[in-house]
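Visitor: I am attaching a structure below and will ask some questions about it afterwards.
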Amino acid sequence: MALARRKPTRAVRVGTAQIGGGAPIAVQSMAATKTQDIPATTRQVQLIHAAGADVIRIACDSKKDVEALGEIRARLKDSIAPNLSVDLQENYRLSEIVAPHVDKIRYNPGHLWHHEREKSIRDKVAYIAEIASKHDIALRVGVNCGSVDPEKTAKFGDDDVGAMVESALEHAQILDDLGFTRFVVSLKDSDWRKVVEGNRRFSAQRPDVPLHLGVTEAGMPPDGIIKTRIAFEQLISEGIGDTIRVSLTLPFEDKGQEVTVGRELIADIEAGRFRSVPANFGEGLNIISCPSCSRVENEAFIELAQDMKEMTKYAQAYQVTIAIMGCRVNGPGETDDADIGLWCGPLGVNLKHGEEIVGHFPYDRVLDEARVLLDRVIEERGLATARS
Ligand code: SF4
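Last residue of the sequence shown: 417 in my numbering, with the numbers rising by one and none dropped.
Shown next as structure tokens:
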């Protein structure tokens, strides 16, 4: 299969890395440790950098997180000097104090919508763009299909990919109008089909904007890698994609795997080594789990995700989706569409059946409760096995 020529996107500089403009596809990853745990996060950045990441993202939700990020940057300045990106979700006003410590700011248009409702979206974007210009850094408009602003969700109804694409186009246009062109866009979802469709649609309308590809909450290896591979094979072979992140649920010490797997996927695709995916891949039990980040409420989350995978093996042939999320920021919303949802709190786990809360259980009990619920879901729906 011949590769299409890479789309000629704008070049966006992120520290010493270049995204787009014909540069090799940049590989990114994200620290999963608590940002305020400075030694652990510093080690996490070193580990991801050693694996070959071009840009490393760290989440910041508070002034204390920002102070910690400043300290981490200072500690690494004279050694590995990584290109750092910050993930801002809840409070865009942190841009001002975090900008001096990073090379790129990622904001989520859906979360921006919810904050300071009396202010227009354009004013909020203008505020972030002005700060980015002043500090000579880049931006990423990071749209997630699961957290698009409610106005677009209402307008597009079932076409959630349409809502995601419109949100990305709208923000790209606002930034253009403001004269700020040093930005990349991402359109992500845990369903690789939506990632492929969303990026294709956006790229058709804005071929000039560099795209950051990723399947969010892809889960644990090997399934998480397979879902990501399918999306990347489709998009990169069409010339779409300037930077990537492979989101995997992994123990902290293995986080460098996101980068090594990413490089392997790019090398395979560029060399024409496509893996044939069985026609029934994606049928049967589907476990979605977030890659975890500094917001994870309890580190027991990673073990919980692994134990769930083990425990649910008996139900592999059933068409059931289970979502396991690490925190309250994305947990409640991102589990709504799953048959069974688990999102973690500091001391316990919220168990859901669709949008309905079943209960809040301690970490050492939730697995049993989830098993009971899984049996009930299989029985209630009279599910036939996917492969029978
Ligand atoms: S669900 Fe929460 S912990 Fe998991 S990656 Fe998203 S923000 Fe981080």
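Yeah, the Cβ is synthetic: ideal placement off N, Cα and C, and Gly gets one too.
Strictly by DSSP, which residues pair up with Gly313?
Guide: The partner list for Gly313 (beta bridge, DSSP) is empty, contrary to what the question assumes.
Visitor: What are the boundary residues of the beta strand (DSSP E) that Thr350 is part of?
Guide: 350-354
Visitor: Return yes when the Cβ of Ala46 is within less than 8 Å of the Cβ of Val84, no when it is not.
Guide: yes
Visitor: His241 and Val275 - do their beta-carbons sit closer together than 8 Å?
Guide: Contact check for Val275 against His241 fails: the beta carbons are separated by 8 Å or more.
Visitor: Taking DSSP as the reference, what is the three-state secondary structure of Tyr392?
Guide: coil
Visitor: Our contact map puts Pro138 next to Ser219 with C-beta atoms below 8 Å; I'd like the distance itself, whole angstroms only.
Guide: The pair is not a contact, with the Cβ atoms about 18 Å apart (cut-off 8 Å).
Visitor: At what residues does the beta strand (DSSP E) containing Ile134 begin and finish?
Guide: Where Ile134 is concerned, the enclosing beta strand (DSSP E) stretches over 133-136.
Visitor: Compare the Cα-Cα distances from Gly313 to each of Asp178, Val349, Arg292 and report the closest residue.
Guide: Val349
Visitor: Is the distance from the Cβ of Thr64 to the Cβ of Gly49 below 8 Å?
Guide: Thr64 places its beta carbon 8 Å or farther from that of Gly49.
Visitor: By how many angstroms is the C-alpha of Arg229 removed from the C-alpha of His200?
Guide: 17 Å
Visitor: Where does the unbroken beta strand (DSSP E) through Thr56 begin, and where does it stop?
Guide: One point to set straight first is that residue 56 is Val, not Thr, in the sequence displayed. 55-59 is the span of the beta strand (DSSP E), which, as asked, contains Val56.
Visitor: Helix, strand or coil, according to DSSP, for Phe330 in the structure here?
Guide: Residue state, collapsed to three classes: helix.
Visitor: With a floor of 4 residues, list each alpha helix (DSSP H) that falls wholly inside the segment 174-258, ordered by position along the chain.
Guide: 179-185, 189-206, 221-234
Visitor: Could you say which of Ile160, Ala346, Phe330 lies nearest to Trp372 if we only look at CA atoms?
Guide: Phe330
Visitor: Between Ile77, Tyr121, Leu294, Leu264, which lies nearest to Glu282 when the distance is taken from Cα to Cα?
Guide: Ile77
Visitor: For the ligand SF4, is there any heavy atom lying closer than 7 Å to the beta carbon of Gly248?
Guide: no
Visitor: On the CB-based measure, 16 or more other CB atoms within 10 Å of its CB, does Pro68 come out buried or exposed?
Guide: exposed
Visitor: Just mark Glu339 as buried or exposed, buried being the case when its beta carbon has 16 or more other beta carbons within 10 Å.
Guide: exposed
Visitor: Please state whether DSSP places Asp116 in a helix, a strand or coil.
Guide: strand
Visitor: Could you tell me the alpha carbon to alpha carbon distance between Cys319 and Lys256, rounded to whole angstroms?
Guide: 13 Å
Visitor: For Met354, is the beta carbon positioned less than 7 Å from some heavy atom of the ligand SF4?
Guide: Yes, since a heavy atom of the ligand SF4 falls inside the 7 Å radius drawn around the Cβ of Met354.
Visitor: Using C-beta distances below 7 Å, list every residue in its chain close to Thr245, excluding the 5 sequence neighbours before and after it, in chain order.
Guide: Asn173, Lys217, Asp218, Ser219, Ser276
Visitor: Going by DSSP, which residues form a beta bridge with His382?
Guide: Ile369, Glu385
Visitor: Should the segment 294-312 be called in touch with the segment 368-387, which here means at least 3 C-beta pairs below 8 Å?
Guide: no
Visitor: Return yes when the C-beta of Arg274 is under 7 Å from any heavy atom of the ligand COA, and no when it is not.
Guide: Only the ligand SF4 can be found as ligands here, which leaves the ligand COA out of the picture.
Visitor: For my contact list, Pro250 and Glu326 are in at a C-beta cut-off of 8 Å; report their separation, rounded to the angstrom.
Guide: So it is not a contact: roughly 23 Å between Cβ atoms.
Visitor: For Asp397, does the three-state DSSP call read helix, strand or coil?
Guide: helix
Visitor: Cys174: beta carbon under 7 Å from a heavy atom of the ligand SF4?
Guide: no
Visitor: With DSSP run on the structure shown, which of helix, strand or coil describes Gln65?
Guide: coil
Visitor: Say the cut is 7 Å; is the CB of Gly324 nearer than that to a heavy atom of the ligand SF4?
Guide: Before going further, note that residue 324 is Arg rather than Gly in the sequence given. The answer is yes for Arg324.
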